[in-house]
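Numbering (the working numbering), first residue to last: 14 to 511. Comments concern the structure below.
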């Protein structure tokens, strides 16, 4: 039987409720008997000791905020009596702090069945993607997708269109970001072929986009300007038929997991995300990095308050400075718009028991495990270094998963505590932080990390999740996002629209 409350770290001043527990209940937490002074909702915190107003509140063994009024043992600890300590940009000092990975890593599988591309990269799917240069043709590419799926069944792993929100009336760096993201998506190894569809008058027309795309295989990447033809859907069918002919000889072969790049994301988090699903992802990040592959972590605002844990894992001082620039640069993004950079967590996070950004961030960075940080990535920049990469971008789920797609990651692990069906073009393993939500939204969830609350060993769960990752990569298992058609793209925009 699971405990009513979980104390995460020996130094913690709070514990987390694993179920709704009523005022007046006496519970045992870490050997101490505590009488609850208020109702404690599932996922929320109870005080394990008295705290004076202004005193630090400790969770995960670190400060997650301060008491705003006296707190007594057994009190519910949340927004009514606790607040963040965070404010503004900070100066940092490099204090390298390496961590040891789990000894179980060596026993996990080392290979998967993937599609080796001409540039040496490997896809976990062999799909044909229809990518618009501009949002004006979003409906057009949906019509092309529907007709192509009808005419060309089972010619590849699937034909999919990816509408987005950009491509015209943009200027400067904002426009460059859009072009770089689209370039990286078109060059993604899961796409065995691509049809690029243009309206014809946008500022991201083919005249201006193809030089950014650079050299490409014209047998596998075709272009269509819809203003120049009478029946764009029919013309597209001819081009797609040619692309599929070029893809006809593609086949899976045995590939080392060092060819994998795995991305990590959380959305609709609750207090259990940082206790079960996120640290479980951390075991996977450690495994992929130890075996020579790459991991990508984003959501920079959800590193605020926990950033030093990542900075001090930088593999050298140069990488440390890049992480400092990533953090303070994104704080400046908020300042440029006159907005507070700590206006987080979301209302759903609050309802799930997360009180401050420090608390949310400490849970969020668990997805990065203990692997050394080797690089930072800009919008549309592909992973170049093996190991853990930190990518620029906001916490917004749609934008984050698009940035991760553009990094070249072939698979995504997406954790959720409140429930979230969202996914992007790559296979997305959706992990539930708790069994209640996993059972309720089984049509969204691929893996129940809530089993850890029931006593399942972390490393046993990591073994199971790692095997699922390899099975998905090999095409043996389709994820719920693939089955249900959740394949979204939203491009980050930061600039003037004409």
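Glycine included, C-beta positions come from ideal geometry on N, C-alpha and C.
Run of the beta strand (DSSP E) containing residue i, from where it starts to where it stops
| i | result |
| --- | --- |
| residue 331 | Unbroken run through residue 331 is the alpha helix (DSSP H), 330-349; no beta strand (DSSP E). |
| residue 404 | 400-404 |
| residue 443 | 441-445 |
| residue 58 | 58-60 |
| residue 427 | 424-429 |
| residue 172 | 172-174 |
| residue 45 | 45-48 |
| residue 39 | 39-42 |
Start-to-end residues for the alpha helix (DSSP H) that takes in residue i
| i | result |
| --- | --- |
| residue 224 | 219-226 |
| residue 113 | Run containing residue 113: none; DSSP gives neither H nor E here. |
| residue 295 | 290-303 |
| residue 257 | 245-260 |
| residue 185 | 185-199 |
| residue 486 | 471-486 |
| residue 435 | Segment: none, residue 435 is in no alpha helix (DSSP H) and carries neither H nor E. |
| residue 493 | 493-497 |
| residue 102 | Run containing residue 102: none; DSSP gives neither H nor E here. |
| residue 157 | 151-164 |
Option in the options with minimal Cα separation from residue i
| i | options | result |
| --- | --- | --- |
| residue 314 | 225, 331, 405 | 405 |
| residue 400 | 366, 80, 50, 295 | 295 |
| residue 200 | 211, 181, 187, 231 | 231 |
| residue 475 | 155, 492, 495, 122 | 122 |
| residue 12 | 53, 47, 73, 493 | Residue 12 lies beyond the range of the chain shown here (14 to 511); nothing can be said about it. |
| residue 372 | 282, 211, 212 | 282 |
| residue 15 | 483, 510, 469 | 469 |
| residue 198 | 304, 54, 423 | 423 |
| residue 304 | 124, 68, 279 | 124 |
| residue 35 | 89, 45, 74, 73 | 89 |
| residue 377 | 105, 266, 98, 429 | 429 |
| residue 257 | 277, 233, 273 | 233 |
| residue 497 | 189, 506, 443, 511 | 443 |
| residue 285 | 136, 31, 44 | 31 |
| residue 529 | 417, 493, 487 | One cannot answer for residue 529 here, as it falls past the ends of the chain, which runs 14 to 511. |
| residue 390 | 418, 98, 33, 116 | 418 |
| residue 193 | 398, 402, 392, 503 | 392 |
| residue 362 | 463, 127, 287 | 287 |
| residue 511 | 182, 45, 37, 76 | 182 |
| residue 59 | 367, 310, 289, 279 | 367 |
Status (buried if at least 16 other CB within 10 Å, exposed otherwise) for residue i
| i | result |
| --- | --- |
| residue 152 | exposed |
| residue 177 | buried |
| residue 532 | Nothing about residue 532 can be reported from this structure: the residues present for the chain run from 14 to 511 only. |
| residue 214 | exposed |
| residue 264 | exposed |
| residue 57 | buried |
| residue 407 | buried |
| residue 459 | buried |
| residue 242 | exposed |
| residue 184 | exposed |
| residue 396 | buried |
| residue 168 | buried |
| residue 350 | exposed |
| residue 103 | exposed |
Sheet register partners of residue i (DSSP bridge)
| i | result |
| --- | --- |
| residue 513 | Since the first residue of the chain shown is 14 and the last is 511, residue 513 is not available in this structure. |
| residue 79 | 69, 96 |
| residue 208 | 143, 235 |
| residue 359 | For residue 359, which the question treats as bridged, DSSP gives no partner whatsoever. |
| residue 390 | 404 |
| residue 415 | DSSP lists no partner for residue 415. |
| residue 53 | 34 |
| residue 28 | 59 |
| residue 278 | 427 |
| residue 285 | None; residue 285 has no bridge partner. |
| residue 84 | 64 |
| residue 461 | 445 |
| residue 382 | Paired residue(s): none; residue 382 is not in a bridge. |
Helix, strand or coil at residue i according to DSSP, with G and I counted as helix
| i | result |
| --- | --- |
| residue 503 | coil |
| residue 271 | helix |
| residue 312 | coil |
| residue 510 | coil |
| residue 128 | strand |
| residue 21 | coil |
| residue 327 | strand |
| residue 120 | helix |
| residue 16 | coil |
| residue 467 | helix |
| residue 266 | strand |
| residue 182 | coil |
| residue 307 | strand |
Check: residue i C-beta below 7 Å from any heavy atom of the ligand MG
| i | result |
| --- | --- |
| residue 392 | By its list of ligands, the structure shown contains no ligand whatsoever, and the ligand MG lies outside what it can speak to. |
Min CB distance residue i to chain D below 8 Å
| i | result |
| --- | --- |
| residue 116 | Among the protein chains of the structure shown there is no chain D, as only one such chain exists. |
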